[in-house]
Each structure stands twice: as C-alpha cells, then as structure tokens.
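A.B. asks: First, the structure itself, so that you have it in front of you.
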Amino acid sequence: MPLRHSLLAVLVMIIWGTNFLAIDAGVDDVPPVLFLAIRFVVVLIPAIFLVPRPAAAFKDVLVVGLFLSLGQFALMYTAIWLDMPPGLASLVLQAQVVLTVLFASVALRERPTPPQLVGVLLGAVGLVIVGVGRSAATPGLAFLLTLAAAASWATGNVIVRRLGSATQAAGGRQSPLAGLSMTVWSALVVPVPMFALSLVLDGPAAVGYSLTHPTWAAVLSTLYTAWLASLVGYGIWNTLLDRYRASAVVPFTMLVPVVGMTAAWLALDEVPNAAETGGGLLLLLGVAITSGLLRWPGRPRYRSAGQVSSSA
1 MPLRHSLLAV LVMIIWGTNF LAIDAGVDDV PPVLFLAIRF VVVLIPAIFL
51 VPRPAAAFKD VLVVGLFLSL GQFALMYTAI WLDMPPGLAS LVLQAQVVLT
101 VLFASVALRE RPTPPQLVGV LLGAVGLVIV GVGRSAATPG LAFLLTLAAA
151 ASWATGNVIV RRLGSATQAA GGRQSPLAGL SMTVWSALVV PVPMFALSLV
201 LDGPAAVGYS LTHPTWAAVL STLYTAWLAS LVGYGIWNTL LDRYRASAVV
251 PFTMLVPVVG MTAAWLALDE VPNAAETGGG LLLLLGVAIT SGLLRWPGRP
301 RYRSAGQVSS SA
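Quick note on numbering: the UniProt record's numbering labels position 311 of the sequence shown as 311, and the sequence is numbered without any gaps.
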C-alpha cells in the first residue's frame, strides 16, 4: 500500500478513536437515546439520496441496521452516559473481533483455526482482567453495556458476512460503495424508534428542550460523529478495502483503542489503572492473533470473520 493510502488509513483511525470523546461531549448535553437519533438523521440526510441502495434485500438491510447501528450505538451511548470512560470504551469494543469469530462458528459453522482459538482465549482473559480490575469510577453496568455493544456489533458482522457469502455464491460482485451503502441505508432503522424511546424515557419536555436549545458541544459532536466518523471515515475506508486486500487494511483498526485511550488521557486526564492496561494489552494481543495480524511462523495468513469492520 502506498504511503499516502497508509496515511489515509491512519487518519480514519484517528477520526474513529477520537469519536468516543465526541460522543462523551454530546451525551453530556443531550439524552443519549435522543442524541443517537439525531446523529443518524444527519447521517441519512442527504446521504441516502446520493448513495445507491445495497444489493441485499431491504429486510436484510434493516436487520443489519438493527445490530450494527441501533443495537451497537444505543448500548454504547448509554454506557458512556453512565460514565463509561471513553478511552476504555474504545478498547472494550474491540472484543467484537473475538466475539465475531465465536458467533460465526455457531451461526455460519465456520470452524476457527487453532490460532484463532488462541486469540479468542487471550481476548476473553484480557476482558475478564479489565472487567474485574476496572477502576471504581467505571460502573459495572456501563462496562457490561459496552460489552453488549461489542456483541451487537459482532452479530451484525456475522449477518453481513452471511449476506456477502450469499452474493458471491450467486455470482454477484459487491460495488466499491457496498460498505458505505449498507452503513447509510441500514441507518433507517435508528431515528424513529430512538425518538419514540426518548419520548418515553426522557419525556416530551426534555426532548423538546434539547431540540430547540442545542448547545455548541452537542452540534459539533453530532457533526463529528455523523459526517466525519460515519461518512468521511467509511468513504475512505471502503475505498481502501476496494483497492487492497483486507489483510493489508483491517489491521489498522488496532490503532482505534490506542488513539482513543491516548486522546482520553490528553483531553480528560483518563489514566487506565494497571489491570486495565494489562488486560487491555492482552485483549489487543488476542485481537491481533484472531484477525490474522499476528500469525504462526510458516502458516499462511488467514481471513478472519472478525474482519468485517464498523466504528463508533
């Protein structure tokens, strides 16, 4: 991959890693469920009029959105609102890689390779260490909701992988915009249910006030998460995936928690404790092995089910 494209991949990781700070700033001023609905309205308009619909059946697109967009982000936004540290959230979400391998082994009967099994085990141990040794400032419920967000992401990955396999089996070929198309069109499932849920949870008065009295932090956070993280990030990412092998592009996602935790340290003075650091490194080692970034000497590089990517 040329240097300029490698730098573009790093730029996407910086955007996605710092996106957790933007979410944290947004949910400080807007209820998390309402903030999520607003974000995806901004993602949809005007993108849905510019990006072609995915080749998959519309019901399949909505199911993907149910897990990759609505489930993942509703859980994550709520976790951050409940004081899940943004940097730690960027790390725990990487559990989606090992969870994708596990879910694919059950749903798609994809037998994990021995290195993948080792990676899954290391990742699971790292998660346990992070969860048990997390600081008192990280509520247990927030940690579990972030892990549930990773599980929702992994479920969406498996569904997308199944749809992709069906397309290939039928002799079809995905377009270069396939990933971005799925991102935009699957977002249709988010705004209406989240607006309705916010009316129930937060009340019409709170929803009305948030919509009619937006703060600069909420506006900038919405624009960052919708335009930069979702549209610009995916626009670059899917272009790179169309030009190069997944094994050359996907390992860059390992930079997301590094950027996220560094940004949280610099901006919020969020310093992980020893258990979070040690468990996080073990989790990332497991992710690296599971995704094929690290491989056994003499073994060919394999493609992991965890290589379907999304972002915060």
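Beta carbons are placed, not taken as given, at the ideal position from N, Cα and C, and that holds for glycine.
Decide if T212 is buried, meaning its Cβ has at least 16 other Cβ atoms within 10 Å, or exposed.
C.D. replies: exposed
A.B. asks: Are there 16 or more other CB atoms within 10 angstroms of the CB of Y209, so buried, or fewer, so exposed?
C.D. replies: exposed
A.B. asks: Just mark G203 as buried or exposed, buried being the case when its beta carbon has 16 or more other beta carbons within 10 Å.
C.D. replies: With fewer than 16 other Cβ atoms within 10 Å, it is exposed.
A.B. asks: Roughly how many angstroms separate the alpha carbons of P176 and P52, rounded to a whole number?
C.D. replies: A caution first: P176 carries a pLDDT of 49, below 50, which makes its placement in the model unreliable, though a value can still be read off. Near 11 Å, if we compare the C-alpha coordinates of P52 and P176.
A.B. asks: Quick one: residues in its chain with C-beta nearer than 7 Å to the C-beta of A142, no 5 flanking neighbours on either side, listed in chain order?
C.D. replies: For A142, the CB contacts under 7 Å within the same chain, skipping 5 residues up- and downstream, are A79, L82, D83 and M84 in chain order.
A.B. asks: When DSSP labels each residue in this structure, what does A218 get in the three-state scheme?
C.D. replies: Three-state DSSP puts A218 in a helix.
A.B. asks: So, using beta-carbon positions, are L91 and L284 closer together than 9 Å?
C.D. replies: yes
A.B. asks: Which one of L44, V33 and K59 has the shortest CA to CA distance from V160?
C.D. replies: Comparing Cα positions, the closest option is K59.
A.B. asks: In the DSSP assignment, find the unbroken alpha helix (DSSP H) run with Y209 in it and report its ends.
C.D. replies: P204 to T212
A.B. asks: Any chance the segment 125 to 138 sits against the segment 58 to 76, with 3 or more Cβ pairs inside 8 Å?
C.D. replies: no
A.B. asks: Relative to the C-alpha of V9, which residue among T253, P257, S291 and R245 is closest?
C.D. replies: The question names Val, yet the displayed sequence has Ala at residue 9. Looking at the Cα atoms, T253 is the closest of the given residues.
A.B. asks: On the three-pair Cβ rule with 8 Å, is the segment 18 to 25 touching the segment 253 to 270?
C.D. replies: yes
A.B. asks: Measuring CB to CB, does V189 end up less than 9 Å from L62?
C.D. replies: yes
A.B. asks: So the candidates are V43, G71 and S152; which of them puts its Cα closest to the Cα of V232?
C.D. replies: V43
A.B. asks: So the alpha helix (DSSP H) I14 belongs to, where does it begin and stop?
C.D. replies: Its alpha helix (DSSP H) spans residues L3 to D29.
A.B. asks: Hey, quick one: how far does the alpha helix (DSSP H) through D83 stretch, first residue to last?
C.D. replies: Unbroken run through D83: none, as it is neither H nor E.
A.B. asks: Are the segment 264 to 282 and the segment 111 to 129 touching by the rule of at least three beta carbon pairs closer than 8 Å?
C.D. replies: yes
A.B. asks: Please tell me whether V30 and P214 are closer than 9 Å, where the distance is taken between their beta carbons.
C.D. replies: yes
A.B. asks: What is the rounded straight-line gap between the Cα of Q72 and the Cα of D24?
C.D. replies: If you take the alpha carbons of Q72 and D24, they lie about 16 Å apart.
A.B. asks: Measure the beta-carbon distance from A104 to V158 and round it to whole angstroms, keeping in mind my assumption that it falls under 8 Å.
C.D. replies: 5 Å
A.B. asks: Quick one, which of G87, G140, L121 and A74 has its alpha-carbon nearest I289's?
C.D. replies: L121
A.B. asks: Flag this pair as yes or no: are the beta carbons of S230 and R39 separated by less than 9 Å?
C.D. replies: yes
A.B. asks: Going by the beta-carbon positions, is the gap between Y234 and T277 smaller than 9 Å?
C.D. replies: no
A.B. asks: What whole-angstrom Cβ distance do G119 and V98 have, given they're in contact under 8 Å?
C.D. replies: 6 Å
A.B. asks: Reducing DSSP to helix, strand and coil, say where I45 ends up.
C.D. replies: coil
A.B. asks: Under three-state DSSP, which class holds S135?
C.D. replies: coil
A.B. asks: So which of D269, V101 and H5 has the shortest CA-CA distance to W153?
C.D. replies: V101
A.B. asks: Helix, strand or coil for L294? Go by DSSP, reduced to three states.
C.D. replies: coil
A.B. asks: Nearest to F195 by alpha carbon, out of H5, L70 and V219?
C.D. replies: Measuring from the Cα of F195, the nearest candidate turns out to be L70.
A.B. asks: By DSSP, does P191 sit in helix, in strand, or in coil?
C.D. replies: helix
A.B. asks: Taking L88 as the reference, which of N273, L75 and W185 has the closest Cα?
C.D. replies: N273
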